[in-house]
Structures are given as structure tokens and as C-alpha cells.
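Beneath this line is the structure, given in C-alpha cells, with notes to follow.
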Amino acid sequence: EDPPKDGVDDAVLRAQRAGVKVVMVTGDHPDTARAIASRINILKRDSEDVEREQLQGADEFCVITGTMLESRVPKTDNFTDEEPPEIVEWWKKATQHTRVFARVSPIHKQVIVQAYQ
């Protein structure tokens, strides 16, 4: 695991305090990504966070992998009305709850950016 650059954890905290939702997108293994995200304050796992996520059904969205994205890549270059409703709903939840996308390809990265737009 490569250590994060100096100051990244503070920058993440400042962005979060300013109301920015910080998301990490990486090609790293999910375990590595989770560890780094925890070190730099992207994943905060206090008991209140865990309880809220479980109540909202968001726990499954904590870390999303490229494999999980494969069946959810839109059929067109952008998300359109032609997409199945369950795909659109899944991406709404993913963009709301996911903090880490791991083992993603360049195509996955493009889809993730489109989903947040």
C-alpha cells in the first residue's frame, strides 16, 4: 500500500467541512482502497455512521467494485430514459452513499463521472 501524500487527510476534512462529498475512485484492491480511505478520512466508521447506513440500506454501497459495476453500465454513452429503472435507481443510491469505488477500469471511471453529473 502506497501511503497517501502529506496533507491529504486534512484536505479531505476541510472539503467535508465545506459541504463537499469526497469520493475516492481507484484501481486498487477493495481492501487497500478501504484502508487508505479510512486513513484519509473518506470513510468514517463511528457507530452513528454504521447505524444510519444500515437503517437506510446503504451499507452495501460503502465500497463498490468494478465487478459490481459491470451489470450496471448504461447501454448508451450517457444515462438516458432508455435505461432500465432498476439501473437508474441503483446509480441514484450509489451516488448518494458510495465513498469508495475500487478496482475500476477507465470505462467504469467514465460511467461514475456521468452518474454524478
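Taking this note's numbering, the leading residue of the sequence shown gets -9, the next gets one more, and so forth.
Virtual Cβ for every residue (Gly too), placed ideally from N, Cα, C.
For clarity, every value in this text was computed on a predicted model and none was experimentally measured.
| message | Counting only beta-carbon separations shorter than 8 Å, does G17 have a partner in chain C? | response | Protein chain content of the structure displayed is limited to a single chain, and chain C is not contained in it.
| task | Return the chain-ordered list of same chain residues with a C-beta closer than 8 Å to the C-beta of I77, the five sequence neighbours on each side being excluded. | result | So the qualifying residues of the chain are R62 and P64.
| query | Is there contact here, the region 85 to 105 with the region 6 to 26, by at least three beta-carbon pairs under 8 Å? | reply | yes
| query | With C-beta atoms as the reference, is I30 less than 8 Å away from V(-2)? | reply | yes
| For P20, does the count of other Cβ atoms within 10 angstroms reach 16, so buried, or fall short, so exposed? | buried
| Reduced DSSP category for T85 - H, G, I as helix; E, B as strand; rest coil | DSSP, reduced to helix, strand and coil, places T85 within a helical segment of the structure shown.
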